[in-house]
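>
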Amino acid sequence: MLAVSADYFSLLRPARRVATAIVCSGLLLNAAPAQAQERVSLYGTVDTGIGWTRVSGGDHLIGTLSGGQTDSLWGLRGSEALANGFTASFTLESGFDPSTGSLEDEDRLFNYAAWIGIGHDELGEFRLGRQHPIGQRFGDELEIASWADFGLGALFKASDNYQLSNTISYLTPKLSGLQAGLSYSFNANEGEHFQTSHNARALSAGLRYEDGPLYATLTYDRMLPGRDGVRGSYSAQAWQLGASYDFEVIKLAAGWSRQSNGFVGLNGGDTTTGDFSEVGISGAGPMEFVQGGRVDAWFLGASLPLGPGRALAQWSIASPDWTWCSTGERAKKVQTYSLGYVYELSPRTSVYTFAAGGRNFSMGDTFAADNPTVNRIAAGLTHHF
């Protein structure tokens, strides 16, 4: 008899989850015509390329680059018209790495989104489940160049592509172009404490205004650590203010952000303080930032039609306000910059190339006491379906 180890079956679990989801999506799509008022669609993006990356003090790396222009994902979204003008909707979305075929999150199939909602044109929309917080949804609209590791979210972490579980959100209807939003996560770090106050919670609120070529937004985010969290009741906060205007011959965007006491999205380097790690929180940033530090950041971006495609330029600078414990030196200003070109082969397929760099910038931790310099040159292909 052939002996098969338990490890073999554990390796198959992610593949089985994906296969099951795809089969179910096919059944849903085939059943859709039976419901005249219901719409279900399968969608996605595949993006991969080749990149050269060099970090100061180390060697360079040449290899495939997943998500050079945008994240690779697939998902299901659907909606159903209900009585009295209401609409029910849902989104299930999963990120993956096309270079290896693996899930982006091995422990979670729908890591990008898993929510259900109900809305009305005159009353707004509620969503419940795993989703982007309001600050990310509003701030992300400012981004000009989303190159991997060097986009707006590199220094504006509250606009980075992150999601929170156990979240409820509300969007008001648009009134003369103005819209407000509010989201709250009851358990952002997915801890196992029964009492809500012992889990990390996240609040996000924002305003945005859209009128033709003009877009403007103001957002506020706050991460509330559990009662067993950081001593001194430090609470990560982030303000964002920005605007963009499309002049047709050129689109310009600019913004400012103030981040205090760590990254609200828990999407930076792991903190070295034991207070956060004891409650299962990682990604809040360096200890010096978490315990009273502050960062002011600014960015400028421009998109310019050039020949058959578009040239994209973006620059960001962040000024951290703390002293490194390991060196006794003040943290230095961090800069990221990029210049790229996108050529659309069709409405769904494009090729791109870009050069980007960072000064005193760490791609993994954002801020680092050794003040590394990073450079990258890449080219790739993006397809939407």
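The working numbering numbers the first residue of the sequence shown as 1192 and each following residue consecutively.
Ideal Cβ positions, reconstructed from N, Cα and C, are used throughout, including at glycine.
1. Could you check how far apart the C-beta atoms of alanine 1304 and glutamate 1284 are, in whole angstroms? I think they sit under 8 Å.
2. From the DSSP secondary-structure annotation, give me the bridge partner or partners of glutamine 1428.
3. By DSSP, does phenylalanine 1490 sit in helix, in strand, or in coil?
4. Nearest CA to the CA of glycine 1308: which residue from Ala1475, Gly1330, Ile1325, Ser1270?
5. Compare the beta carbon distance of valine 1486 and alanine 1509 with 8 Å and say whether it is the shorter of the two.
6. Using the rule of at least 16 other Cβ atoms within 10 Å of the residue's Cβ for burial, across every protein chain shown, is arginine 1539 buried or exposed?
7. Whether or not the segment 1511–1525 and the segment 1494–1503 are in contact is what I'm after, with contact meaning three or more pairs of Cβ atoms, one per stretch, closer than 8 Å; do they touch?
8. Quick check: the Cα distance between asparagine 1275 and isoleucine 1359, rounded to an integer number of angstroms?
9. Work out the CA separation of glycine 1315 and phenylalanine 1329 for me, nearest whole Å.
10. Under the three-state reduction of DSSP, which class applies to glutamate 1231: helix, strand or coil?
11. Pick out the complete beta strand (DSSP E) segments inside the segment 1477–1529, 3 residues or longer, and give them in chain order.
12. Sort Phe1301, Ser1263, Gly1476 by Cα distance to alanine 1427 and report the nearest one.
13. Go ahead and pull the three-state DSSP assignment for glycine 1326.
14. Measuring only the C-alpha atoms, how far is glycine 1368 from serine 1263?
15. On the premise that phenylalanine 1480 lies in contact with lysine 1348, defined as a C-beta separation below 8 Å, what is that separation, rounded to the nearest angstrom?
16. Quick one: is threonine 1291 buried, meaning 16 or more other Cβ sit within 10 Å of its Cβ, or exposed?
17. Leaving out five residues on either side along the sequence, give the residues of the same chain with a beta carbon under 6 Å from the beta carbon of arginine 1449.
18. In this structure, does DSSP put glutamate 1284 in helix, strand or coil?
19. Go through its chain and collect everything with a Cβ distance to serine 1435's Cβ below 7 Å, but skip five positions before and after it.
20. Determine, using beta carbons only, whether threonine 1408 and leucine 1394 come nearer to each other than 8 Å.
21. With C-beta atoms as the reference, is asparagine 1452 less than 8 Å away from tyrosine 1353?
22. Can you give me the Cβ contacts of alanine 1227 inside the same chain, cut-off strictly under 6 Å, excluding the 5 residues immediately before and after it?
Result, derived from the coordinates:
1. 4 Å
2. Arg1413, Ser1451
3. strand
4. Ser1270
5. yes
6. exposed
7. no
8. 23 Å
9. 16 Å
10. What sits at residue 1231 in the sequence shown is valine, not glutamate. Strand.
11. 1485–1497, 1500–1512
12. Gly1476
13. helix
14. 31 Å
15. In fact, because the Cβ distance is near 11 Å, the residues do not count as touching under 8 Å.
16. exposed
17. Trp1430, Asp1487
18. strand
19. Leu1333, Tyr1406, Lys1442, Leu1443, Ala1444
20. no
21. no
22. Because the pLDDT at alanine 1227 is just 46, under 50, the model does not fix this residue reliably, and the point stays unresolved.
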